[in-house]
Structures are given as structure tokens and as C-alpha cells.
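UniProt numbering puts the first residue of the sequence shown at 1, with every later residue one more than the last.
To keep things clear, I will list the structure first and then write my remarks on it.
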Amino acid sequence: MILRGVEREVKALQREVEIRHDPFVEDFNMTLAQPHSKSVRLNGLATCLRLENVYWNILTGIATSNECSVNAVLSYIDREVHLRYGGVKNFSGLIRVVCVAHLLKGDRLENSHA
1 MILRGVEREV
11 KALQREVEIR
21 HDPFVEDFNM
31 TLAQPHSKSV
41 RLNGLATCLR
51 LENVYWNILT
61 GIATSNECSV
71 NAVLSYIDRE
81 VHLRYGGVKN
91 FSGLIRVVCV
101 AHLLKGDRLE
111 NSHA
């Protein structure tokens, strides 16, 4: 009985799914997906942060728009997550989410002005 259910699930997964909107941009650059470790200071404490290059690029953009360094942006996020939420277990995961949320916020602003 259980085996038949598993077989049905496997067959369903094996069916080819038609993707109507290709998630890859035309000039997709795989180097953006490669992780890169950097030594950073979070509020004076030295640590190492490993993120994919695309996130380092987004952080650089955030820092540029705030006229500060990437370390200053990371320190701000670290300080605020401690003050607002008592900290976080996965800081690099938080940074990825902050970067995506930042981009989504920018998209919403652009779409509201269109």
C-alpha cells in the first residue's frame, strides 16, 4: 500500500514540468552564485562571513546608497537584529534575506511610480 503511494509520487516528480517564464536572465553570470568569504568587523568584533558574490554586490549597493562601508551596513544589521529580535542564529542567512527584501522593496517603489 505504502509502496504504491511512493511509486505514484516518483512518477509525478518524473513528469516534465513546463516552465513558461525562464528564471535565468539572458546573460546569467554563474560567478554570482559562487560563495566568497570575507573578514568583516561587526561592531568591533572580527568574524568571517561567507556569501555568494551576488549578495556582496547587493551589500555594496546598499553601502553606496548610504554613503558608508559594507562593514558599516553589516554592523548596523547585526546591532538592529540584536535590539529588535534578540539576535539571530544564522547571520549569513539573515543577510541573504535582508538583501532580497531590499531588492523587493526597490521593485515595489519602482512599480508604485509607474
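No residue lacks a Cβ here, since even glycine has one placed at the ideal position from N, Cα and C.
Everything numeric in this text was worked out from a predicted model, so none of it was measured.
C-alpha gap between residue i and residue j, whole angstroms
i, j, result
"residue 87", "residue 79", "8 Å"
"residue 63", "residue 5", "51 Å"
"residue 40", "residue 8", "49 Å"
"residue 83", "residue 19", "42 Å"
"residue 17", "residue 77", "39 Å"
Identified DSSP bridge partners for residue i
i, result
"residue 52", "35"
"residue 117", "The question about residue 117 has no answer here: the residues shown for the chain are numbered 1 through 114."
Check whether residue i and residue j have beta carbons under 8 Å apart
i, j, result
"residue 81", "residue 94", "yes"
"residue 99", "residue 45", "no"
"residue 43", "residue 65", "no"
8 Å CB neighbourhood of residue i in its chain, flanking five on each side removed
i, result
"residue 92", "49, 50 and 51"
"residue 36", "50, 51, 52, 53 and 56"
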